[in-house]
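Here the structure is laid out as C-alpha coordinates; the discussion comes afterwards.
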Amino acid sequence: MSGEIVEPEDPDQTALLSMYDQLRQEVRAHGKRKTRRNLGSFTVIGLIVGYIFASNGDARVFVLVPYVLAFLYLAHISSVNYVIQLAALLALIETQIDVPGAEYEYYHGGLDIDTSTRFDEVDGVDRSQEELQETVQSHVRGTMNILAVVAYFGASIAGFYILSTQGLPEMGMESFPEAIPLAALILLSQSLLFYPVWASWDAYVDHRKVLSANVKGAYKGELEGDMAILHSENCSGDSEG
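In our numbering, the protein residues as written are 22 to 262.
And the structure:
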(Lines of atoms letter the chains of each structure in order from A and count residues from 1; the text may use other names and numbers.)
(Lines give C-alpha, C1' and ligand atoms only; values in the text may rest on other atoms or scores of the structure.)
Protein backbone atom coordinates (compact mmCIF):
# COMPACT_ATOMS: atom_id res chain seq x y z
CA MET A 1 0.00 0.00 0.00
CA SER A 2 1.20 3.53 -0.70
CA GLY A 3 1.05 6.56 1.55
CA GLU A 4 -2.03 7.98 -0.19
CA ILE A 5 -5.26 8.48 1.70
CA VAL A 6 -7.49 5.43 1.51
CA GLU A 7 -11.24 5.71 1.52
CA PRO A 8 -13.00 4.03 4.49
CA GLU A 9 -14.83 1.64 2.17
CA ASP A 10 -11.55 0.34 0.74
CA PRO A 11 -11.68 -3.50 0.95
CA ASP A 12 -8.09 -3.69 2.17
CA GLN A 13 -8.89 -1.34 5.04
CA THR A 14 -11.98 -3.37 5.89
CA ALA A 15 -9.91 -6.56 6.01
CA LEU A 16 -7.27 -4.93 8.19
CA LEU A 17 -9.87 -3.54 10.59
CA SER A 18 -11.48 -6.97 10.80
CA MET A 19 -8.13 -8.61 11.52
CA TYR A 20 -7.34 -5.92 14.08
CA ASP A 21 -10.63 -6.52 15.88
CA GLN A 22 -10.12 -10.30 15.87
CA LEU A 23 -6.66 -9.95 17.37
CA ARG A 24 -8.00 -7.61 20.04
CA GLN A 25 -10.64 -10.18 20.92
CA GLU A 26 -7.98 -12.91 21.10
CA VAL A 27 -5.90 -10.80 23.51
CA ARG A 28 -8.94 -10.38 25.77
CA ALA A 29 -9.86 -14.07 25.55
CA HIS A 30 -6.29 -15.10 26.30
CA GLY A 31 -6.28 -12.81 29.33
CA LYS A 32 -9.35 -14.61 30.70
CA ARG A 33 -7.75 -18.02 30.10
CA LYS A 34 -4.59 -16.87 31.86
CA THR A 35 -6.59 -15.64 34.84
CA ARG A 36 -8.32 -19.01 35.19
CA ARG A 37 -4.99 -20.85 34.99
CA ASN A 38 -3.40 -18.59 37.59
CA LEU A 39 -6.36 -19.01 39.92
CA GLY A 40 -6.01 -22.78 39.57
CA SER A 41 -2.31 -22.68 40.45
CA PHE A 42 -2.88 -20.38 43.42
CA THR A 43 -5.68 -22.65 44.59
CA VAL A 44 -3.31 -25.64 44.57
CA ILE A 45 -0.73 -23.67 46.58
CA GLY A 46 -3.46 -22.54 48.98
CA LEU A 47 -4.62 -26.13 49.46
CA ILE A 48 -1.06 -27.27 50.21
CA VAL A 49 -0.48 -24.51 52.76
CA GLY A 50 -3.93 -25.03 54.26
CA TYR A 51 -3.31 -28.74 54.62
CA ILE A 52 -0.02 -28.07 56.40
CA PHE A 53 -1.74 -25.97 59.07
CA ALA A 54 -4.68 -28.33 59.45
CA SER A 55 -4.88 -30.34 62.69
CA ASN A 56 -3.87 -33.55 60.92
CA GLY A 57 -1.74 -31.88 58.26
CA ASP A 58 1.69 -32.99 57.13
CA ALA A 59 4.20 -30.19 56.55
CA ARG A 60 6.28 -32.40 54.26
CA VAL A 61 3.89 -31.70 51.37
CA PHE A 62 5.53 -28.25 51.29
CA VAL A 63 8.16 -29.75 48.99
CA LEU A 64 5.50 -29.70 46.25
CA VAL A 65 5.19 -25.89 46.25
CA PRO A 66 8.30 -25.19 44.09
CA TYR A 67 7.02 -27.57 41.39
CA VAL A 68 3.67 -25.75 41.30
CA LEU A 69 5.50 -22.40 41.16
CA ALA A 70 7.70 -23.64 38.29
CA PHE A 71 4.58 -24.56 36.32
CA LEU A 72 3.06 -21.15 37.12
CA TYR A 73 6.21 -19.29 36.03
CA LEU A 74 6.53 -21.22 32.75
CA ALA A 75 2.83 -20.76 32.00
CA HIS A 76 3.17 -17.02 32.66
CA ILE A 77 6.20 -16.69 30.37
CA SER A 78 4.45 -18.62 27.60
CA SER A 79 1.40 -16.41 28.03
CA VAL A 80 3.17 -13.04 27.94
CA ASN A 81 5.30 -14.18 24.98
CA TYR A 82 2.13 -15.03 23.06
CA VAL A 83 0.57 -11.69 23.95
CA ILE A 84 3.58 -9.64 22.80
CA GLN A 85 3.44 -11.39 19.43
CA LEU A 86 -0.20 -10.38 19.12
CA ALA A 87 0.74 -6.86 20.27
CA ALA A 88 3.39 -6.65 17.55
CA LEU A 89 0.89 -7.73 14.89
CA LEU A 90 -1.62 -5.17 16.15
CA ALA A 91 0.99 -2.39 16.07
CA LEU A 92 2.02 -3.33 12.53
CA ILE A 93 -1.59 -3.36 11.36
CA GLU A 94 -1.96 0.12 12.85
CA THR A 95 0.63 1.33 10.36
CA GLN A 96 -1.76 0.32 7.57
CA ILE A 97 -5.02 1.64 9.02
CA ASP A 98 -5.90 5.06 7.66
CA VAL A 99 -7.94 6.05 10.72
CA PRO A 100 -7.00 8.90 13.10
CA GLY A 101 -5.94 7.58 16.50
CA ALA A 102 -5.06 4.08 15.27
CA GLU A 103 -1.84 4.06 17.24
CA TYR A 104 -2.79 2.61 20.63
CA GLU A 105 -0.61 -0.49 20.56
CA TYR A 106 2.42 1.45 19.37
CA TYR A 107 2.31 4.06 22.12
CA HIS A 108 0.42 2.37 24.95
CA GLY A 109 0.59 -1.38 24.33
CA GLY A 110 2.51 -4.12 26.06
CA LEU A 111 5.71 -3.76 24.05
CA ASP A 112 6.64 -0.27 25.29
CA ILE A 113 7.71 0.58 21.76
CA ASP A 114 7.57 4.34 22.08
CA THR A 115 5.89 7.14 23.99
CA SER A 116 3.28 9.48 22.60
CA THR A 117 4.55 12.94 21.74
CA ARG A 118 1.21 14.29 22.96
CA PHE A 119 2.39 13.86 26.54
CA ASP A 120 5.64 15.77 26.10
CA GLU A 121 3.96 19.14 26.66
CA VAL A 122 1.89 18.12 29.70
CA ASP A 123 4.34 16.11 31.75
CA GLY A 124 5.42 19.16 33.73
CA VAL A 125 8.62 17.43 34.86
CA ASP A 126 12.25 17.65 33.87
CA ARG A 127 12.58 13.99 32.94
CA SER A 128 11.05 12.77 29.69
CA GLN A 129 7.97 10.57 29.65
CA GLU A 130 9.95 7.79 27.98
CA GLU A 131 12.52 7.84 30.79
CA LEU A 132 9.83 7.84 33.48
CA GLN A 133 7.93 5.02 31.80
CA GLU A 134 11.05 2.90 31.51
CA THR A 135 11.91 3.59 35.16
CA VAL A 136 8.48 2.42 36.32
CA GLN A 137 8.61 -0.69 34.14
CA SER A 138 12.14 -1.60 35.23
CA HIS A 139 11.22 -1.23 38.92
CA VAL A 140 8.09 -3.35 38.52
CA ARG A 141 9.79 -6.11 36.51
CA GLY A 142 12.86 -6.13 38.73
CA THR A 143 10.79 -6.41 41.91
CA MET A 144 8.61 -9.14 40.43
CA ASN A 145 11.69 -11.12 39.41
CA ILE A 146 13.14 -10.83 42.92
CA LEU A 147 9.85 -11.94 44.48
CA ALA A 148 9.64 -14.89 42.08
CA VAL A 149 13.16 -16.06 42.97
CA VAL A 150 12.64 -15.57 46.72
CA ALA A 151 9.30 -17.41 46.68
CA TYR A 152 10.72 -20.32 44.70
CA PHE A 153 13.94 -20.90 46.62
CA GLY A 154 12.33 -19.94 49.92
CA ALA A 155 9.82 -22.74 49.40
CA SER A 156 12.61 -25.10 48.26
CA ILE A 157 14.74 -24.46 51.36
CA ALA A 158 11.71 -24.71 53.66
CA GLY A 159 10.78 -28.03 52.08
CA PHE A 160 14.34 -29.29 52.47
CA TYR A 161 14.36 -28.36 56.17
CA ILE A 162 10.96 -29.89 56.90
CA LEU A 163 11.73 -33.13 55.09
CA SER A 164 15.18 -33.38 56.68
CA THR A 165 13.88 -32.91 60.22
CA GLN A 166 10.69 -34.96 59.94
CA GLY A 167 11.99 -37.70 57.66
CA LEU A 168 9.87 -40.39 56.01
CA PRO A 169 9.09 -43.13 58.56
CA GLU A 170 7.36 -45.25 55.92
CA MET A 171 10.69 -45.41 54.06
CA GLY A 172 12.78 -45.98 57.16
CA MET A 173 14.02 -42.39 57.24
CA GLU A 174 13.09 -41.12 60.66
CA SER A 175 16.19 -39.20 61.75
CA PHE A 176 17.97 -36.16 60.33
CA PRO A 177 21.01 -38.04 58.88
CA GLU A 178 18.83 -40.63 57.16
CA ALA A 179 16.47 -38.12 55.54
CA ILE A 180 19.15 -35.72 54.29
CA PRO A 181 19.99 -37.59 51.03
CA LEU A 182 16.35 -37.62 49.86
CA ALA A 183 15.78 -33.99 50.91
CA ALA A 184 18.99 -32.95 49.15
CA LEU A 185 17.98 -34.82 45.98
CA ILE A 186 14.61 -33.04 45.92
CA LEU A 187 16.29 -29.66 46.53
CA LEU A 188 18.72 -30.38 43.68
CA SER A 189 15.88 -31.28 41.31
CA GLN A 190 14.10 -28.04 42.19
CA SER A 191 17.28 -26.01 41.62
CA LEU A 192 17.83 -27.66 38.24
CA LEU A 193 14.17 -27.08 37.33
CA PHE A 194 14.58 -23.35 37.91
CA TYR A 195 17.22 -23.12 35.16
CA PRO A 196 14.80 -23.61 32.23
CA VAL A 197 12.44 -21.13 33.91
CA TRP A 198 15.17 -18.48 34.06
CA ALA A 199 16.38 -19.31 30.53
CA SER A 200 12.82 -19.00 29.23
CA TRP A 201 12.47 -15.59 30.86
CA ASP A 202 15.74 -14.37 29.30
CA ALA A 203 14.58 -15.63 25.89
CA TYR A 204 11.27 -13.81 26.35
CA VAL A 205 13.05 -10.54 27.19
CA ASP A 206 15.24 -10.87 24.06
CA HIS A 207 12.22 -11.69 21.90
CA ARG A 208 10.38 -8.70 23.28
CA LYS A 209 13.25 -6.38 22.38
CA VAL A 210 13.42 -7.76 18.83
CA LEU A 211 9.69 -7.32 18.28
CA SER A 212 9.75 -3.80 19.69
CA ALA A 213 12.70 -2.79 17.49
CA ASN A 214 11.11 -4.22 14.33
CA VAL A 215 7.76 -2.56 14.93
CA LYS A 216 9.46 0.75 15.68
CA GLY A 217 11.42 0.37 12.45
CA ALA A 218 8.19 -0.18 10.51
CA TYR A 219 6.73 3.04 11.90
CA LYS A 220 9.83 5.04 11.05
CA GLY A 221 9.45 3.95 7.44
CA GLU A 222 6.87 6.72 6.91
CA LEU A 223 4.19 4.49 8.44
CA GLU A 224 4.37 2.13 5.49
CA GLY A 225 4.64 -0.92 7.73
CA ASP A 226 5.40 -3.53 5.09
CA MET A 227 2.67 -6.18 5.45
CA ALA A 228 5.23 -8.86 4.61
CA ILE A 229 6.55 -8.36 8.14
CA LEU A 230 3.30 -9.80 9.45
CA HIS A 231 4.17 -13.14 7.91
CA SER A 232 7.91 -13.18 8.65
CA GLU A 233 9.26 -15.36 11.44
CA ASN A 234 7.31 -13.66 14.22
CA CYS A 235 9.02 -10.39 13.24
CA SER A 236 12.32 -11.89 14.44
CA GLY A 237 15.35 -9.94 13.44
CA ASP A 238 15.22 -10.53 9.64
CA SER A 239 12.97 -7.61 8.75
CA GLU A 240 14.33 -4.16 8.15
CA GLY A 241 12.35 -1.02 9.05
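Idealized CB from N, CA, C, for every residue including glycine.
Values in this document were obtained by computation on a predicted structure and should not be read as measured data.
Asked                                                                                                                               : Found
Put G24 into one of helix, strand or coil per three-state DSSP.                                                                     : Low per-residue confidence applies at G24: pLDDT is 41, beneath 50, and the placement is therefore not dependable enough to give any value.
Alpha carbon to alpha carbon, what distance is there between Y128 and I114?                                                         : 14 Å
Could you tell me whether the region 55 to 63 touches the region 77 to 88, where touching means 3 or more Cβ pairs closer than 8 Å? : no
Does DSSP put L111 in a helix, in a strand, or in coil?                                                                             : helix
Helix, strand or coil: which one does DSSP assign to L132?                                                                          : coil
Is the number of C-beta pairs between the region 173 to 184 and the region 206 to 214 that are closer than 8 Å three or more?       : yes
Have a look at E47, L38, G130, T64 and flag the residue whose alpha-carbon is nearest the alpha-carbon of V236.                     : G130
Who are the Cβ neighbours of Y173 in its own chain at under 7 Å, not counting the five residues just before and after it?           : P87, L90, F215
For the pair the region 69 to 80 and the region 90 to 109, tell me if three or more CB-CB distances fall below 8 Å.                 : no
May I ask you to report which of helix, strand or coil DSSP gives S253?                                                             : Low local confidence applies: a pLDDT of 46 at S253 is under 50, so the model's placement there is unreliable, and no value is given.
Note down the Cα distance separating Q46 from Y72, rounded to an integer number of angstroms.                                       : 39 Å
When burial is assigned at 16 or more other CB atoms within 10 Å of the CB, is S159 buried or exposed?                              : exposed
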